[in-house]
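As you go down the protein sequences, you meet chains W and C in turn.
Take the first sequence: its letter number 213 is residue 270 in this note's numbering, and every next letter is one higher.
Take the second sequence: its letter number 244 is residue 301 in this note's numbering, and every next letter is one higher.
There are 2 protein chains.
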Amino acid sequence: MEIIKNVKEMQKKASQAKKQGKKICFVPTMGFFHEGHITLMREGRKLADILAISIFVNPTQFSQGEDLDVYPRDLKGDIEKIKDIGVDWVFAPSASEMYPEGFQSYVIVEKVTRNLCGKFRPGHFRGVATICLKLFNIIKPDLAVFGEKDFQQLVTIKQMVKDLNLDLKVIGIPTVREKDGLAMSSRNIYLTPNERKKALAIFRSLKEANEMFKKGERKAIPIIKHVREILEKENGISIDYVQICDINTIEDIDKIDKKALLAVAVRIGSARLIDNIILGRD
Amino acid sequence: MEIIKNVKEMQKKASQAKKQGKKICFVPTMGFFHEGHITLMREGRKLADILAISIFVNPTQFSQGEDLDVYPRDLKGDIEKIKDIGVDWVFAPSASEMYPEGFQSYVIVEKVTRNLCGKFRPGHFRGVATICLKLFNIIKPDLAVFGEKDFQQLVTIKQMVKDLNLDLKVIGIPTVREKDGLAMSSRNIYLTPNERKKALAIFRSLKEANEMFKKGERKAIPIIKHVREILEKENGISIDYVQICDINTIEDIDKIDKKALLAVAVRIGSARLIDNIILGRD
Chain W
58 MEIIKNVKEM QKKASQAKKQ GKKICFVPTM GFFHEGHITL MREGRKLADI LAISIFVNPT
118 QFSQGEDLDV YPRDLKGDIE KIKDIGVDWV FAPSASEMYP EGFQSYVIVE KVTRNLCGKF
178 RPGHFRGVAT ICLKLFNIIK PDLAVFGEKD FQQLVTIKQM VKDLNLDLKV IGIPTVREKD
238 GLAMSSRNIY LTPNERKKAL AIFRSLKEAN EMFKKGERKA IPIIKHVREI LEKENGISID
298 YVQICDINTI EDIDKIDKKA LLAVAVRIGS ARLIDNIILG RD
Chain C
58 MEIIKNVKEM QKKASQAKKQ GKKICFVPTM GFFHEGHITL MREGRKLADI LAISIFVNPT
118 QFSQGEDLDV YPRDLKGDIE KIKDIGVDWV FAPSASEMYP EGFQSYVIVE KVTRNLCGKF
178 RPGHFRGVAT ICLKLFNIIK PDLAVFGEKD FQQLVTIKQM VKDLNLDLKV IGIPTVREKD
238 GLAMSSRNIY LTPNERKKAL AIFRSLKEAN EMFKKGERKA IPIIKHVREI LEKENGISID
298 YVQICDINTI EDIDKIDKKA LLAVAVRIGS ARLIDNIILG RD
């Protein structure tokens, strides 16, 4: 496992590997690893000759007033956690290495970023798309692996890859959960034990929604209403959104006549948590 | 010389060449070739194993009300004109091949596109940056060659390449002129013989400006004033701008204490023509 901090060095290494015909799989992360990240890496490990990951808390995807400054970081601990997974390259640049003075170019994916988190986090997906494109250009992957917990992010990256003719395949991996159902997230560390308990309502509400769907409910409104009721019962949960969307366009739908995304974002204490489930998938 | 119209086919060909260690040089064009294009290709031919060019009139770089529909096109004639230059690949896709339904991702280069043509052609540089990024991802060049006549475009592409970590070198080639000084442009075809004569005032004004600079003038205002006077003397020339800018930031400068861009855009009849000169270069 090599740790690389310099863009040119990383890019040169990637070029050489490509010239040797090596297949590269890439897992971009913001570090502070949990089992979700580890799962992405284990899946990635199976798919290519070289497994590259990045650890970079990307400032351009945080909106004003968000948690950029307090976002948890632990490079040493992260390296320790992944030492047996078979990661070949860890790309861990500084912010100034990625965004030198004079930086001014951004990627905008227009439609799929308008709804859900796009409404609450101005500039977020512009930052996500831009850093992913940069990392793709530096690491030159054949495959890139993303978690489905950030479903709108996954769709955004897939759209960008298609629209900009990036020669790589994007793979989504189902959300990894704690035993009690809470979706794994580096931001769970912001929760007090009491808030942590309340947060279980999120997955409980998604499961109940899925039961409604399985029993035949095909209208979005009653499902959304039920999810909101469960969440609103918990003191201290504030809802950003509960929506049912087309899984490709991320536009709201009224009637669920094919697989659909049920997505939730809430605030609990200082944490903003998101989760989702695909209705009709299993 | 192979003519390729399909994105996936072009991309596969490029990937294979890269794996064989071949160096690719790329000249993007909108076709309707004149000696300026040919010069870019001849220069490109010297620099790599494979010379790729594209012929594509890119709709996203034309603003509302501009000349997209009447822009001259002549694929057969173009192919004939370049048959002895040693072009390996001509990538000539359709608009729907490059912008299929649902297309929604764009690259924005913020600062260097604000001034000059950026003020007069809303969305132009967004379209230019986006199509160039797409073409770079399809053709995978090690080098890309652009003409200096579109100086702001050249600076925009250089900035994008740097910011987004594209692994390629951008090369600018000095403007090629007709014997009487008119900068070569596919849009010169819009000029009547009478307008064609008036258009000579553009390069004449740039040359006189350069003489002023050589004689010691270092303030922008008197030089700009002189250029405007020459242009305004011609009936039927309408000035979009005459400006002196930093060659890297494309910001206006008052005092010329290093190489500077003197850029002009005018309208003559139905043509919008641009030209420029680098003060202090020779």
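Yeah, the Cβ is synthetic: ideal placement off N, Cα and C, and Gly gets one too.
For residue 102(C), the enclosing alpha helix (DSSP H) covers residues 92–104.
Residue burial is scored here from C-beta neighbours: residue 191(C) has at least 16 other C-beta atoms within 10 angstroms and is therefore classed as buried. With contacts defined by Cβ atoms closer than 8 Å, residue 148(W) and residue 196(W) form a contacting pair. Residue 220(C) belongs to the set of residues whose beta carbon lies under 8 Å from a beta carbon in chain W. Residue 191(W) has a beta carbon lying within less than 8 Å of a beta carbon in chain C.
Here residue 157(C) is exposed: its Cβ has fewer than 16 other Cβ atoms, across all protein chains shown, within 10 Å. Within the region 240–274 of chain W, complete alpha helix (DSSP H) segments of at least 4 residues are found at 250–255 and 257–271, given in chain order. Annotation: residue 318(C) to residue 333(W) spans about 53 Å, alpha carbon to alpha carbon.
Assigned with DSSP and collapsed to three states, residue 175(C) falls in helix. It is roughly 45 Å from the alpha-carbon of residue 153(C) to the alpha-carbon of residue 129(W). By alpha-carbon distance to residue 136(C), the top candidate from 184(C), 160(C) and 87(C) is 87(C).
Straight-line measurement puts the Cα of residue 180(W) at about 27 Å from the Cα of residue 211(C). When C-alpha distances from residue 84(W) are compared across 168(W), 229(W) and 132(W), the shortest belongs to 229(W). Between the alpha carbons of residue 199(W) and residue 81(W) lies a gap of roughly 5 Å.
Taking the beta carbon of residue 173(C) as reference, no residue of chain W falls within 9 Å; the closest one sits roughly 16 Å away. Taking C-alpha positions only, residue 64(W) is separated from residue 155(W) by approximately 8 Å. Between the region 220–229 of chain W and the region 245–253 of chain W there are fewer than three inter-stretch CB-CB distances shorter than 8 Å, so the stretches are not counted as touching.
Here residue 170(C) has 182 and 213 as same chain residues with Cβ atoms under 6 Å from its own Cβ, once five neighbours each way along the sequence are excluded. Residue 216(C) is positioned such that its CB atom lies closer than 8 Å to that of residue 161(W). Collapsing the DSSP output to three states places residue 306(W) in coil.
The alpha-carbon of residue 258(C) is positioned some 17 Å away from that of residue 233(C). By the CB criterion at 8 Å, residue 321(C) and residue 243(C) fall outside the cutoff.
Residue contact check for residue 263(C) against chain W: no CB pair falls below 8 Å.
Per DSSP, residue 81(C) is one residue of the beta strand (DSSP E) stretching across 81–86. Chain C has a Cβ within less than 8 Å of the Cβ of residue 72(W). Scanning 91(W), 193(W) and 69(W) for the CA closest to the CA of residue 235(W) turns up 91(W).
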